[in-house]
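Let me begin by presenting the structure, written as C-alpha cells, before commenting on it.
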Amino acid sequence: MAMERSDDVTVSPHPWQSYNTVYTTAKAGMEGVDKEKVQRIVYEMSKGSKYFQNEERKETFIRHKVDNMRLQFAKLTQADLFHYQKVADRRILELEASRDLSRIWLHVDMDAFYAAVETLSNPTLKGRPMAVGSMSMISTANYEARKFGVRSAMPGFIARKLCPELIFVPTDFKKYTYYSDLTRKVFQRYDPNFIAGSLDEAYLDITEVCRERNVKSEEIAQELRDSVYEETGGLTCSAGVAPNRLLAKVCSDINKPNGQYVLPNDRLAVMTFISSLPIRKIGGIGKVTEHILKEVFGINTCEQMLDKGSYLCALFSPSTAGLGKTDSPQVRFRKSISNERTFSATEDEVLMHKKLAELAEMLSADMQKEGLHGRTLTLKLKTASFEVRNRAMTLQNYISSSEDILKHASKLLKAELPVSVRLIGLRVSQFNGEKSGATADPTQKTITNFITSGEANRNNSSFSDVTDHEFVSDTETDLSIDGQRTCQLDCRDPFDGNHSLDVNYQSCTLWKNDGAEKVQTSDNDAESYYHHGCTEVLGSTSFQGQFEGKNVNSGSNFLENDRLDSSCQEAVMLWLNDYKCSLCGIELPPSFVEERLEHSDFHFAEKLQKEESSIHQAPVLISSQSRDQKLRNNRQSKSKKPKLSQKEGSYTPIDYFFVKE
DNA sequence: GATTCTGCC
DNA sequence: CTCTGGCAGAATC
Numbered sequence: 001m002a003m004e005r006s007d008d009v010t011v012s013p014h015p016w017q018s019y020n021t022v023y024t025t026a027k028a029g030m031e032g033v034d035k036e037k038v039q040r041i042v043y044e045m046s047k048g049s050k051y052f053q054n055e056e057r058k059e060t061f062i063r064h065k066v067d068n069m070r071l072q073f074a075k076l077t078q079a080d081l082f083h084y085q086k087v088a089d090r091r092i093l094e095l096e097a098s099r100d101l102s103r104i105w106l107h108v109d110m111d112a113f114y115a116a117v118e119t120l121s122n123p124t125l126k127g128r129p130m131a132v133g134s135m136s137m138i139s140t141a142n143y144e145a146r147k148f149g150v151r152s153a154m155p156g157f158i159a160r161k162l163c164p165e166l167i168f169v170p171t172d173f174k175k176y177t178y179y180s181d182l183t184r185k186v187f188q189r190y191d192p193n194f195i196a197g198s199l200d201e202a203y204l205d206i207t208e209v210c211r212e213r214n215v216k217s218e219e220i221a222q223e224l225r226d227s228v229y230e231e232t233g234g235l236t237c238s239a240g241v242a243p244n245r246l247l248a249k250v251c252s253d254i255n256k257p258n259g260q261y262v263l264p265n266d267r268l269a270v271m272t273f274i275s276s277l278p279i280r281k282i283g284g285i286g287k288v289t290e291h292i293l294k295e296v297f298g299i300n301t302c303e304q305m306l307d308k309g310s311y312l313c314a315l316f317s318p319s320t321a322g323l324g325k326t327d328s329p330q331v332r333f334r335k336s337i338s339n340e341r342t343f344s345a346t347e348d349e350v351l352m353h354k355k356l357a358e359l360a361e362m363l364s365a366d367m368q369k370e371g372l373h374g375r376t377l378t379l380k381l382k383t384a385s386f387e388v389r390n391r392a393m394t395l396q397n398y399i400s401s402s403e404d405i406l407k408h409a410s411k412l413l414k415a416e417l418p419v420s421v422r423l424i425g426l427r428v429s430q431f432n433g434e435k436s437g438a439t440a441d442p443t444q445k446t447i448t449n450f451i452t453s454g455e456a457n458r459n460n461s462s463f464s465d466v467t468d469h470e471f472v473s474d475t476e477t478d479l480s481i482d483g484q485r486t487c488q489l490d491c492r493d494p495f496d497g498n499h500s501l502d503v504n505y506q507s508c509t510l511w512k513n514d515g516a517e518k519v520q521t522s523d524n525d526a527e528s529y530y531h532h533g534c535t536e537v538l539g540s541t542s543f544q545g546q547f548e549g550k551n552v553n554s555g556s557n558f559l560e561n562d563r564l565d566s567s568c569q570e571a572v573m574l575w576l577n578d579y580k581c582s583l584c585g586i587e588l589p590p591s592f593v594e595e596r597l598e599h600s601d602f603h604f605a606e607k608l609q610k611e612e613s614s615i616h617q618a619p620v621l622i623s624s625q626s627r628d629q630k631l632r633n634n635r636q637s638k639s640k641k642p643k644l645s646q647k648e649g650s651y652t653p654i655d656y657f658f659v660k661e
C-alpha cells in the first residue's frame with residue numbers, strides 16, 4: 001500500500017523493457033536493484049507518517065474512482081458498444097490516413113544531468129553514490145546511487161537508509177544552466193529551431209540535416225552525442241529518433257544512459273513498436289491514469305488501448321498525452337506564474353504572514369521581470385496533514401506589485417485561519433496580454449489559420465467558423481436505448497483549448513524560422529486535431545424530438561446524401577457539410593461510402609429500437625437529477641462550446657500513437 | 001470562476 | 001526530524 005508500487009517486470013524481446021522499471025516513476029539504471037528490499041525500506045520509513053496517511057487517503061479516493069468507472073462500464077448497452085466501436089474504428093482509420101512519416105525527430109536527454117554536472121565540477125565524486133538534493137528531497141541521483149534504489153523524487157532520509165554511503169550535494173541551478181547552454185549550442189547546429197524542454201532535454205527536427213548531408217539519422221544522433229560530450233567536457237546523453245516527438249521521447253529512454261535508439265520511419269516498425277509499448281511510457285499517463293486503465297479496462301499496452309478503444313470513456317488530456325510536454329519557453333506564453341515554499345508546519349499567524357510577504361515579494365519580482373500583470377490570485381496551502389487547499393480570487397484590476405499581491409493574499413489567508421500549514425504558495429494568472437476567453441475561444445487561432453491556410457490545411461476550414469461549433473453544441477443525441485445515461489465520450493473539439501496553443505506554437509516557430517520547412521509541421525498539427533468529432537450521450541429527451549430539433553437547427557446545412565438509397569435511412573441520417581453526422585457528430589468524408597451506409601444503418605436500427613422500447617416501457621425511468629443535468633447541459637451548450645463530460649469523460653489519446661507532430 | 005487532480009522534470 | 005517547486009491542463013463544481 002501507499003508509496004510507490006512495483007510493476008511486474010515482464011520479460012519480452014522489446015527494447016524498452018531492457019529499461020523497464022520497477023517503480024512507477026522508474027528511471028534507468030535500476031536493473032540490479034533488490035526491489036523487494038527497497039520497497040520494504042521505503043514502506044517502513046514512511047509508515048505512520050502524516051505523509052503516508054495522506055497517501056492512503058488519496059489511494060482510497062482513487063479506488064472509489066475506479067469502482068465508479070467499473071459501474072459505468074458495466075452499464076454500457078450493446079448499442080452503446082456498437083456505436084463506440086464505430087467511433088473508435090473511424091478515428092483509428094482517419095489517424096492512420098493522416099500518419100506522417102516524413103519527419104525525423106530526435107529527442108536528447110542528458111543522463112542524470114544535475115548529478116553529472118556536479119561530478120564534473122568535483123571529480124572526487126566520480127564512481128561514488130551521490131544525489132543532488134537534500135534530506136527532504138532528491139532531484140537527481142547518479143547511477144551508482146540508483147543501484148541502491150535511490151532515485152529522484154525520493155526524500156533524502158529514505159535514500160540514506162537505502163544507501164548509507166550516499167553523498168548529498170545541494171542543487172546549484174546556475175551550474176546546470178551553464179552546462180545546459182553548452183548543450184544547446186550543439187543542438188542548434190542540427191536544428192536552429194530545436195525545442196528545449198527542461199534544462200536537460202530537447203527535441204530536434206533533424207529531417208533537413210539528414211537530407212542535406214545525406215546521412216542516416218543514426219549517425220546524426222551519434223555525432224550529436226559525441227559533440228555534447230566534447231563540448232561540455234564530459235557530459236553524456238541519450239537520444240531517441242522517431243517520426244514524431246512523442247515516439248522520439250520514448251526512444252531516448254530505451255538505451256539510457258549514454259545510448260541511443262532509432263525507430264525508423266516505417267509504418268510497420270512503428271506499429272510493432274507501439275503494440276507492446278506499456279502505456280505508462282506515454283507522456284501524460286502517470287501513476288493514477290495507468291492504474292485506472294489497468295484496473296477498469298485491463299489495459300497495459302498501447303495495443304490493448306487500441307483494442308479497447310470503444311470502451312474508453314474515461315481518459316486523458318490529448319495534449320498532454322499527445323505532445324508530451326514539449327514546452328517551448330521561447331514561444332509558448334506562460335499562463336500563470338507562481339511560487340511556493342515548504343517549511344516546518346506552523347500555526348503561527350505572524351510567521352505565516354511573514355512567509356506570505358516573502359512570497360509576494362519574490363513573485364512580484366518575477367512578474368516584473370517578465371512584465372506580467374494578472375487579475376487572478378491563488379493562495380495555496382498545504383496543511384500539516386498534507387491536505388492541499390487552493391483559494392482564489394479574481395480582481396477587477398490587474399496587479400503585479402508585491403503590495404497588491406500581499407494585500408489580497410492576506411485576505412485569502414485570513415479566511416483560512418486558524419490552520420497549521422507546512423507550505424504556502426501564491427499564483428497569479430489571467431494575465432493582461434490575454435484576451436478574455438482566449439483559452440476557450442476556438443476562433444482565436446487566427447494567426448495559425450492565416451499561416452496554415454495557404455499551405456495544406458484542407459481539412460480544418462470547416463472548423464474555422466463559429467457556426468460549426470454552435471452546431472456541434474446542439475448535436476446532442478440520445479443514443480441510450482433504455483433511457484439511462486450510460487457513457488459519455490467527449491471527442492474534443494478540433495481546436496479545443498491547448499491544441500490551439502500547440503498550433504500557435506508551431507506557427508511561431510514558423511515565424512522565427514522564416515522558411516517554408518515548418519509549414520509542414522503546422523499542417524500536421526492541424527490535421528491531427530481535425531479528426532476530433534464531438535459526441536454526446538445523454539439520457540432523456542426522445543430521439544424523435546432531438547431529431548426534429550436537428551432539422552430545424554441544421555436548416556442551412558446540407559440535408560441529403562445522395563449516396564443513401566433507403567428513404568428511411570435518409571430520414572435518419574444527415575451529413576452536415578457533407579461531412580459530419582448530424583446525430584452523433586462522427587465525421588465521415590463523402591468518400592467513405594460504405595462506412596456511411598453502415599453508420600446510417602446503425603442510427604436507423606437505433607431509432608427503431610428506441611421507438612419500440614418507448615412503447616414497451618412507457619414510463620421511461622429517468623431520474624429527475626438526470627433530467628436536470630441534461631437541461632443544464634443544454635443551456636450551457638447554447639452559449640458555449642460543448643463541455644460534455646460530467647464525469648470522467650474525454651476521448652482517448654490513442655490518436656496520438658498515430659499523430660505526428 | 002473556483003477548486004482539485006494529474007503529470008512532468 | 002525529514003516527502004520539493006514550478007508550471008500546465010483537465011475535470012468538477
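My numbering applies: residue 1 is where the first sequence begins, and numbers increase by one.
Where is the CB? At the ideal position from N, CA and C, for every residue including glycine.
Please read all numbers here as calculations on a predicted model, not as lab measurements.
Exercise for review: Write down the C-beta distance between SER85 and SER275 rounded to the nearest angstrom, noting that I regard them as a contact closer than 8 angstroms.
Suggested key: Before going on, a small fix: residue 85 reads as Gln here, not Ser. 19 angstroms between Cβ atoms; not a contact.
**Study point:** the segment 199–207 contacting the segment 101–119, beta-carbon criterion three pairs below 8 angstroms
**Key:** yes
Review point. By Cβ distance below 8 angstroms, which residues in the same chain neighbour GLU358 in space, the five residues on each side in sequence not counted?
Key: ARG341
Practice item. May I ask whether a heavy atom of the ligand ZN can be found less than 8 angstroms away from the beta carbon of ALA409? Key: The ligand ZN is not part of this structure, which contains no ligands at all.
Practice item. State buried or exposed for PRO123, treating a residue as buried only when at least 16 other CB atoms are found within 10 Å of its CB. Key: exposed
Point to revise | Assigned exposure category for ASP266 - 16 Cβ within 10 Å defines buried | key: exposed
Check your understanding: How many angstroms separate the CA atom of GLY133 from the CA atom of THR171?
Key -> 6 angstroms
Review point. Whole-angstrom Cβ separation of ALA345 and ARG422, contact assumed at under 8 angstroms?
Key: 4 angstroms
Practice item. Since I believe LEU166 is in contact with VAL150 (beta carbons under 8 angstroms), could you give me their beta-carbon distance rounded to a whole number of angstroms? Key: 6 angstroms
Point to revise | Status (buried if at least 16 other CB within 10 Å, exposed otherwise) for SER402 | key: buried
Check your understanding: Tell me, which residues are paired with LEU204 by DSSP?
Key -> LEU106
Exercise for review: Would you identify the three-state DSSP class for CYS163, choosing helix, strand or coil?
Suggested key: coil
Exercise for review: Run through the segment 113–155 for me and flag every whole beta strand (DSSP E) of 3 or more residues, listed as ranges in chain order.
Suggested key: 130–133, 138–141
Check your understanding: How big is the Cα-Cα spacing for VAL350 and LEU412?
Key -> 15 angstroms
Review point. Assuming ILE104 contacts PRO243 under a Cβ cut-off of 8 angstroms, what Cβ separation, rounded to an integer in Å, is found between them?
Key: 7 angstroms
Check your understanding: In the DSSP assignment, what are the bridge partners of PRO257?
Key -> According to DSSP, PRO257 bridges with nothing at all.
Check your understanding: Could you give the distance in angstroms between the alpha-carbon of GLY240 and the alpha-carbon of SER420?
Key -> 46 angstroms
**Study point:** Cβ contact check for the segment 226–236 and the segment 176–185: 3 or more pairs under 8 angstroms
**Key:** yes
Practice item. Taking 9 angstroms as the cut-off, decide whether the C-beta atoms of VAL270 and ARG99 are in contact. Key: yes
Practice item. Inspect the CB distances between the segment 134–143 and the segment 222–232 and report whether three or more fall short of 8 angstroms. Key: no
Check your understanding: Nearest to SER46 by CA position, among LEU306, SER582, CYS302, PRO155, is which residue?
Key -> PRO155
Point to revise | Residues bridged to PRO278 (per DSSP) | key: THR301
Check your understanding: So which of GLU387, PHE297, THR60 has the shortest CA-CA distance to ILE279?
Key -> PHE297
Practice item. Take the Cβ of GLN188 as the centre, count every other Cβ of all protein chains shown within 10 Å, and call the residue buried at 16 or more, exposed below. Key: exposed
Check your understanding: Name the DSSP beta bridge partners of ARG57, please?
Key -> In DSSP, ARG57 forms no bridge with anything.
**Study point:** Local Cβ density within 10 Å of GLY284, reported as buried at 16 or more and exposed below that
**Key:** buried
Review point. Quick one: what does DSSP say VAL33 is sitting in, helix, strand or coil?
Key: coil
Review point. Taking C-beta to C-beta, are CYS251 and LEU263 nearer than 9 angstroms?
Key: yes
Check your understanding: Quick one, which of GLN304, LEU381, HIS64 has its alpha-carbon nearest VAL288's?
Key -> HIS64
**Study point:** Within 9 angstroms, strictly: CB atoms of GLU370 and ILE405
**Key:** no
Check your understanding: With distances taken between CB atoms, is the gap from HIS408 to LEU363 smaller than 9 angstroms?
Key -> no
Review point. Name the DSSP beta bridge partners of CYS251, please?
Key: DSSP, once it has assigned bridges, lists no residue as partnering CYS251.
Check your understanding: Do ASP205 and LEU312 have their C-beta atoms within less than 9 angstroms of each other?
Key -> no
Check your understanding: Does the beta-carbon distance from ARG334 to LEU372 come in below 9 angstroms?
Key -> yes
Practice item. May I have the straight-line CA-CA distance separating ASP282 from PRO418, to the nearest angstrom? Key: Note that residue 282 corresponds to Ile in the displayed sequence, not to Asp. One C-alpha to the other measures close to 42 angstroms.
**Study point:** Distance between beta carbons of CYS210 and ILE195, contact taken as under 8 angstroms
**Key:** Going by Cβ atoms, the distance from ILE195 to CYS210 rounds to 18 angstroms, so no, they are not a contact pair.
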